[in-house]
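**Q**
There are 2 protein chains.
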Amino acid sequence: MDIAAYMQEVGRNARNASRQIAIADSGQKNSALLAMADALDNAREMLIAANRKDLKNGEEKGLDAALLDRLSVTDAGIDKMIEGLKQVAGLADPVGEISDLKYRPTGIQVGMMRVPLGVIGIIYESRPNVTVEAASLCLKSGNAAVLRGGSEAIHSNQAIAACVKQGLKDAGLDEAAVQIIETTDREAVGQMITMPEYVDVIVPRGGKGLIERISRDARVPVIKHLDGICHVYIDDDADADKALRVAVNAKTQRYGTCNTMETLLIAESRAAELLPALAKAYQDKGVELRGCEKTAAIITDVIAATEDDWQTEYLAPILSIKVVEDMQAAIVHINTYSSQHTESIITENYTKSREFLRAVDSSSVMVNASTRFADGFEYGLGAEIGISTDKLHARGPVGLNGLTSQKYIVLGDGHIRE
Amino acid sequence: MDIAAYMQEVGRNARNASRQIAIADSGQKNSALLAMADALDNAREMLIAANRKDLKNGEEKGLDAALLDRLSVTDAGIDKMIEGLKQVAGLADPVGEISDLKYRPTGIQVGMMRVPLGVIGIIYESRPNVTVEAASLCLKSGNAAVLRGGSEAIHSNQAIAACVKQGLKDAGLDEAAVQIIETTDREAVGQMITMPEYVDVIVPRGGKGLIERISRDARVPVIKHLDGICHVYIDDDADADKALRVAVNAKTQRYGTCNTMETLLIAESRAAELLPALAKAYQDKGVELRGCEKTAAIITDVIAATEDDWQTEYLAPILSIKVVEDMQAAIVHINTYSSQHTESIITENYTKSREFLRAVDSSSVMVNASTRFADGFEYGLGAEIGISTDKLHARGPVGLNGLTSQKYIVLGDGHIRE
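Top to bottom, those sequences are chains E and X. In terms of the UniProt record's numbering, the first sequence opens at residue 1 and continues consecutively. In terms of the UniProt record's numbering, the second sequence opens at residue 1 and continues consecutively.
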């Protein structure tokens with residue numbers, strides 16, 4: 001197979017389809033989403049059989065249990081995909097929304113219209129349900145999608161893709177609006193991220209290694225976050241109950257998510273009072289604690305934290321703890337070590353809450369709330385395709401609006417510039 | 001001079017200053033802008049003397065009259081810089097603006113806060129007034145600026161920079177918030193566009209060659225437009241007076257601007273009626289006409305247009321004209337040849353106006369208005385640092401908001417995720 005020629009063809013088809021999808025009306029896009037749901041429902045056996053091939057290959061290749069679990073497609077998993085499609089169909093269509101249409105002194109009216117980005121390339125790893133999620137969000141936001149899943153999920157992804165295409169066809173839309181790369185050759189990714197004439201933005205979903213590699217080599221803009229080194233800072237003026245509740249939830253509600261707290265900062269004035277109860281709560285849940293010297297002077301069973309700990313996303317039941325002099329020291333620590341994902345202050349102090357919100361340079365900044373809330377569903381976006389820690393374009397959880405842009409519109413009545 | 005080491009130092013200083021400027025209050029930023037205006041007013045002789053050196057060097061190097069004109073700093077030019085600074089001081093501060101703060105079912109409040117991008121690198125050519133414009137817009141939007149002007153304007157830019165620094169100092173702000181690159185070595189640009197750790201976005205202002213080079217080599221996001229191949233389409237249902245007025249204004253009000261029309265499209269049904277009057281108006285103003293075969297069959301003194309004409313930004317009194325079958329053909333032509341800057345339809349038809357607005361994929365799309373309106377001042381942005389034809393981040397005229405991003409803020413009362 002000539003990978004370059006194949007990818008050029010995929011790109012051309014995607015660009016053509018994107019023009020149709022961009023102006024498809026909301027009803028037609030919703031029909032396609034619901035038809036995809038029907039197609040998945042009718043293809044359960046086929047989907048599970050295809051997935052069985054992937055699982056068998058994966059076992060033979062010696063994939064670990066966690067990877068095999070993420071790869072697996074079950075009846076319950078198909079239910080979730082179907083439910084997700086119906087939810088996206090129920091969301092408001094962002095495309096064509098006109099805002100801020102105002103008369104100017106010259107008599108023209110100037111406003112903004114929300115428009116699709118064009119063609120979105122999604123590169124992801126083992127979870128086949130991403131195929132449905134990504135396809136549905138791109139379609140609803142009026143974009144064509146080029147999907148490149150992991151090689152270990154190729155049969156599952158192709159089976160899901162057949163249902164997606166059936167849905168597009170049933171709704172009278174161009175089937176090329178969602179294309180799955182048919183080859184597992186790595187060169188296909190290299191091509192996809194370097195054809196700005198056909199692909200407008202890349203969304204990588206996967207481990208840090210994948211995302212770093214793509215960001216480095218891409219000639220197309222990338223919407224990404226590398227990692228989530230999130231902080232909770234317990235201020236001098238924190239309410240003790242809220243501090244305990246939030247700090248425990250932020251670490252222990254789930255360990256493997258990017259919005260999980262990795263470093264707890266605590267004001268020196270409250271450390272002796274609060275750290276023992278916090279340590280007990282963490283240790284009861286089996287969380288390993290690594291702390292600065294001042295932390296170790298207050299609680300037992302704490303490993304000495306090194307410089308590395310402040311810059312590590314554990315994604316595991318491990319927490320680093322640092323006692324800081326005051327909020328300023330906390331902000332300096334955060335702006336130095338944070339991955340600009342999510343940080344939260346626990347305080348009852350009005351002035352400090354305002355200052356923390358303003359001075360912390362992260363994509364989500366919170367007061368008295370768990371970092372675990374940093375999520376498209378929790379924020380009311382209806383869905384998310386990922387979380388961006390970049391400042392350009394989308395920032396924080398990226399929902400349908402993050403997959404669109406805006407153009408200016410000008411309405412006149414024969415107006416000319418004098 | 002070790003350029004790499006110098007640029008690293010500039011970058012580090014900019015990054016440090018950006019943290020101070022990001023949280024500086026509006027009053028302090030406005031004081032700095034007004035103090036810059038005072039400093040320029042007090043330094044007129046010094047500015048004109050420095051500019052004289054650049055003009056003398058330019059003459060010796062044989063720069064042409066147009067370039068020397070753009071390079072020149074006069075008393076009236078200084079008045080304009082001062083006026084510009086006062087205008088920017090008068091604009092609302094975008095930084096810290098909180099929008100869409102809404103309660104979610106969980107009880108948390110989620111909203112967005114507008115924040116600076118960080119450090120903005122501006123690369124521009126001969127006009128020294130850009131130094132003041134760029135510095136003022138970056139400062140007001142809470143960003144540090146690294147400015148790299150053309151080598152031919154180095155003395156003028158340094159003299160202006162001294163006034164800018166005086167203003168920052170008078171207001172108690174870090175003078176490194178605006179830095180002018182002190183060397184004319186080209187390597188400095190190469191460094192500046194490849195240090196994402198210190199520079200968050202590059203705004204190139206200049207010819208297409210400069211912008212293409214920077215876009216190709218940058219490892220930092222670039223806000224740019226390459227060129228302005230703008231279209232006016234006169235529809236079957238156009239009002240004849242509006243068509244003449246707008247089509248003449250869009251081409252002839254100024255020839256060298258990016259929002260000037262370069263190609264006129266006209267519906268076949270109206271060509272015989274309208275083209276003769278249009279041709280006369282253009283030819284009276286000395287505009288050279290290049291047309292398709294159908295155009296040449298209707299009007300005289302028209303050169304045969306080639307494929308090249310449809311993709312050329314003349315920036316000169318030259319216009320290409322194409323007779324098209326209908327609006328669909330016009331949209332296809334535009335989406336093929338346009339640089340996605342600005343397009344306008346002249347029509348009285350409600351349905352077609354809606355369809356044109358939706359289907360044309362450009363950063364500004366107009367109905368019955370001259371493309372010349374595509375401008376930050378005309379759109380009410382108060383000022384603009386450039387026009388972006390990209391879809392990610394800012395699109396169309398880029399004002400203060402385009403130099404900012406948004407972060408999510410979450411306000412809770414000890415809320416945790418269940």
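Even for Gly, the Cβ is constructed at its ideal location relative to N, Cα and C. Because the structure is a prediction, the values reported are computed rather than measured.
(1) Output yes or no for whether 8 Å exceeds the beta carbon distance between ILE409 (chain E) and PHE373 (chain X).
(2) Please determine, among X:ALA76, X:SER72 and X:GLU97, the residue with the shortest C-alpha to C-alpha distance to ALA22 (chain X).
(3) So for SER344 (chain E), helix, strand or coil by DSSP?
(4) Say whether chain E places a C-beta atom closer than 8 Å to the C-beta of ALA5 (chain X).
(5) From the DSSP output, read off the bridge partner residues of VAL110 (chain E).
(6) Can you check the region 174 to 220 of chain X for any beta strand (DSSP E) of at least 3 residues that lies completely inside it and give the ranges in chain order?
(7) What three-state label does DSSP hand ARG127 (chain X) in the structure shown?
(8) Residues in the same chain with beta-carbon distance under 7 Å from ALA4 (chain E), minus the five sequence neighbours each way, listed in chain order, please.
(9) Which term fits ARG216 (chain E), buried or exposed, when burial requires 16 or more other beta carbons within 10 angstroms of its beta carbon?
(10) For the alpha helix (DSSP H) containing THR252 (chain X), list its first residue and its last residue.
(11) Considering only residues of the same chain and omitting the five flanking positions on each side of residue 421 (chain E), which have a CB-CB separation below 6 Å?
(12) In this structure, how does DSSP classify THR263 (chain E) when only helix, strand and coil are distinguished?
(13) To the nearest angstrom, how far is it from the Cα of ASP284 (chain E) to the Cα of ALA14 (chain E)?
(14) Using a Cβ cut-off of 8 Å, which residues of the region 395 to 417 of chain X contact any Cβ in chain E, in chain order?
(15) Can you find the residues in the same chain that come closer than 6 Å, C-beta to C-beta, to PRO317 (chain X), ignoring five residues on each side of it along the sequence?
(16) When we look at the beta-carbon of GLU197 (chain E) and count the other beta-carbons within 10 Å, is it buried (16 or more) or exposed?
(17) Return helix, strand or coil for CYS163 (chain X), following the three-state DSSP convention.
(18) Could you tell me which chain X residues have their CB closer than 7 Å to the CB of TYR379 (chain E), listed as they occur along the chain?
(19) Along the beta strand (DSSP E) that carries ASN368 (chain E), what are the first and last residues, could you check?
(20) Could you compute how far the alpha carbon of ILE331 (chain E) sits from the alpha carbon of PRO94 (chain E)?
(21) Which first and last residues belong to the beta strand (DSSP E) in which TYR233 (chain E) is found?
(22) Which residues of chain E have a Cβ atom closer than 8 Å to the Cβ of THR106 (chain X), listed in chain order?
(23) Can you tell which of E:ARG127, E:PRO221 and E:GLU343 has the C-alpha that lies nearest to the C-alpha of ARG148 (chain E)?
(24) Give the secondary structure of LYS322 (chain X) by DSSP, where H, G and I count as helix, E and B as strand, and everything else as coil.
(25) Is it true that the CB of ARG205 (chain E) sits closer than 8 Å to the CB of THR404 (chain E)?
(26) Could you tell me the boundaries of the alpha helix (DSSP H) in which VAL88 (chain E) lies?
(27) According to DSSP, simplified to helix, strand and coil, what is VAL10 (chain X)?
(28) How long is the line joining the alpha carbons of ASP236 (chain X) and ASP326 (chain X), rounded to whole angstroms?
(29) Where ILE214 (chain E) and GLY396 (chain E) are concerned, what is the direct C-alpha to C-alpha distance, given to the nearest angstrom?
(30) Looking only at its chain, what residues have a beta carbon closer than 7 Å to the beta carbon of residue 457 (chain E), apart from the 5 residues adjacent to it on each side?
(31) Take ASP25 (chain E) and list the residues in its own chain whose beta-carbon comes closer than 6 Å to its own, dropping the five residues that flank it on each side.
(32) Which of the three DSSP states is assigned to GLY27 (chain X) in this structure?
(33) From ILE223 (chain X) to ALA176 (chain E), what distance separates their C-alpha atoms?
(34) Helix, strand or coil for PRO94 (chain E)? Go by DSSP, reduced to three states.
(35) Just how far apart, CA to CA, sit GLY366 (chain E) and THR184 (chain X)?
(36) Taking all protein chains shown into account, do 16 or more other C-beta atoms lie within 10 angstroms of the C-beta of SER31 (chain E), making it buried, or fewer, making it exposed?
**A** With the given structure in hand:
(1) Locating residue 409 (chain E) in the first sequence gives position 409, where the first residue counts as 1. Locating residue 373 (chain X) in the second sequence gives position 373, where the first residue counts as 1. Not a contact, by the Cβ cut-off of 8 Å.
(2) By 1-based counting over the second sequence, the position of residue 22 (chain X) is 22. The option with the nearest alpha carbon to ALA22 (chain X) is X:GLU97.
(3) The residue labelled residue 344 (chain E) in the question sits at position 344 within the first sequence. Strand at SER344 (chain E).
(4) As a first step, residue 5 (chain X) must be located in the second sequence, where it is residue number 5. At a cut-off of 8 Å, the C-beta of ALA5 (chain X) has no neighbouring C-beta in chain E.
(5) For the purposes of this step, residue 110 (chain E) is identified with residue 110 of the first sequence, where counting begins at 1. The partner list for VAL110 (chain E) (beta bridge, DSSP) reads E:LYS102 and E:VAL410.
(6) The qualifying runs are 178 to 180 and 201 to 205.
(7) The residue you call residue 127 (chain X) lines up with position 127 of the second sequence. Here ARG127 (chain X) sits in coil by DSSP.
(8) The residue you call residue 4 (chain E) lines up with position 4 of the first sequence. Contacts found: GLN191.
(9) Stepping through the first sequence from its first residue, residue 216 (chain E) is reached at position 216. Label assigned to ARG216 (chain E): exposed.
(10) Taking the first residue of the second sequence as position 1, residue 252 (chain X) is located at position 252. Segment 240 to 252, the alpha helix (DSSP H) holding THR252 (chain X).
(11) Absent from the model: residue 421 (chain E). The displayed extent of chain E is 1 to 418, so no value can be given.
(12) Taking the first residue of the first sequence as position 1, residue 263 (chain E) is located at position 263. Looking at THR263 (chain E) - three-state DSSP - the assignment turns out to be strand.
(13) Within the first sequence, numbered from 1, the residue matching residue 284 (chain E) stands at position 284. Within the first sequence, numbered from 1, the residue matching residue 14 (chain E) stands at position 14. Cα-Cα distance, rounded: 52 Å.
(14) ARG395, GLY396, PRO397, SER405, GLN406, LYS407, TYR408, ILE409, VAL410, LEU411, GLY412, ASP413, GLY414, HIS415, ILE416 and ARG417
(15) Start at 1 with the first residue of the second sequence, and residue 317 (chain X) comes out as number 317. The answer, listed in chain order, is TYR255, GLY286 and VAL287.
(16) Residue numbering aside, residue 197 (chain E) sits at position 197 when the first sequence is read from its first letter. It is exposed - the Cβ of GLU197 (chain E) has fewer than 16 other Cβ atoms within 10 Å.
(17) Within the second sequence, residue 163 (chain X) is the residue found at index 163, counting from 1. Three-state DSSP puts CYS163 (chain X) in a helix.
(18) Here residue 379 (chain E) refers to the residue found at position 379 when the first sequence is read from its first residue. Going along chain X in sequence order, the residues near TYR379 (chain E) (Cβ under 7 Å) are VAL110 and TYR408.
(19) Walking along the first sequence from the start, residue 368 (chain E) turns up at place 368. Taken as a continuous stretch (DSSP letters only), the beta strand (DSSP E) holding ASN368 (chain E) covers 364 to 369.
(20) Looking up residue 331 (chain E) in the first sequence gives position 331. Looking up residue 94 (chain E) in the first sequence gives position 94. Those two C-alpha atoms are separated by around 36 Å.
(21) Translated into positions along the first sequence, residue 233 (chain E) becomes position 233. Element bounds for TYR233 (chain E): 230 to 234.
(22) Looking up residue 106 (chain X) in the second sequence gives position 106. Chain E residues near THR106 (chain X): PHE373 and GLU378.
(23) To locate residue 148 (chain E), count along the first sequence from 1; it is residue 148. For ARG148 (chain E), the nearest C-alpha among the options comes from E:ARG127.
(24) To locate residue 322 (chain X), count along the second sequence from 1; it is residue 322. Of the three classes helix, strand and coil, the one that applies to LYS322 (chain X) here is strand, per DSSP.
(25) Within the first sequence, residue 404 (chain E) is the residue found at index 404, counting from 1. Within the first sequence, residue 205 (chain E) is the residue found at index 205, counting from 1. No, Cβ-Cβ distance for THR404 (chain E) and ARG205 (chain E) is not below 8 Å.
(26) Your numbering for residue 88 (chain E) matches position 88 in the first sequence. Note, VAL88 (chain E): alpha helix (DSSP H), 75 to 90.
(27) In the second sequence, counting from the first residue as 1, residue 10 (chain X) sits at position 10. Looking at VAL10 (chain X) - three-state DSSP - the assignment turns out to be helix.
(28) In the second sequence, residue 236 (chain X) corresponds to position 236, counting from 1. In the second sequence, residue 326 (chain X) corresponds to position 326, counting from 1. Going by the C-alpha atoms only, they are around 7 Å apart.
(29) Counted from its first residue, the first sequence places residue 214 (chain E) at position 214. Counted from its first residue, the first sequence places residue 396 (chain E) at position 396. Using only the alpha carbons, I get a separation of about 20 Å.
(30) Lying outside 1 to 418, the shown extent of chain E, residue 457 (chain E) is not represented and no answer is given.
(31) Numbered from 1 along the first sequence, position 25 holds the residue referred to as residue 25 (chain E). Closer than 6 Å at Cβ, skipping near neighbours: no residue.
(32) Here the question's residue 27 (chain X) lines up with position 27 in the second sequence. Correct three-state label for GLY27 (chain X): helix.
(33) Against the second sequence, residue 223 (chain X) aligns to sequence position 223. Against the first sequence, residue 176 (chain E) aligns to sequence position 176. Taking the straight line from one Cα to the other gives about 30 Å.
(34) Mapped onto the first sequence, residue 94 (chain E) falls at position 94. PRO94 (chain E) carries a coil assignment under DSSP once its states are collapsed to helix, strand and coil.
(35) By 1-based counting over the first sequence, the position of residue 366 (chain E) is 366. By 1-based counting over the second sequence, the position of residue 184 (chain X) is 184. The question names Gly, yet the displayed sequence has Met at residue 366 (chain E). Each residue's Cα considered, the two are about 45 Å apart.
(36) Stepping through the first sequence from its first residue, residue 31 (chain E) is reached at position 31. Buried, by the Cβ-count rule.
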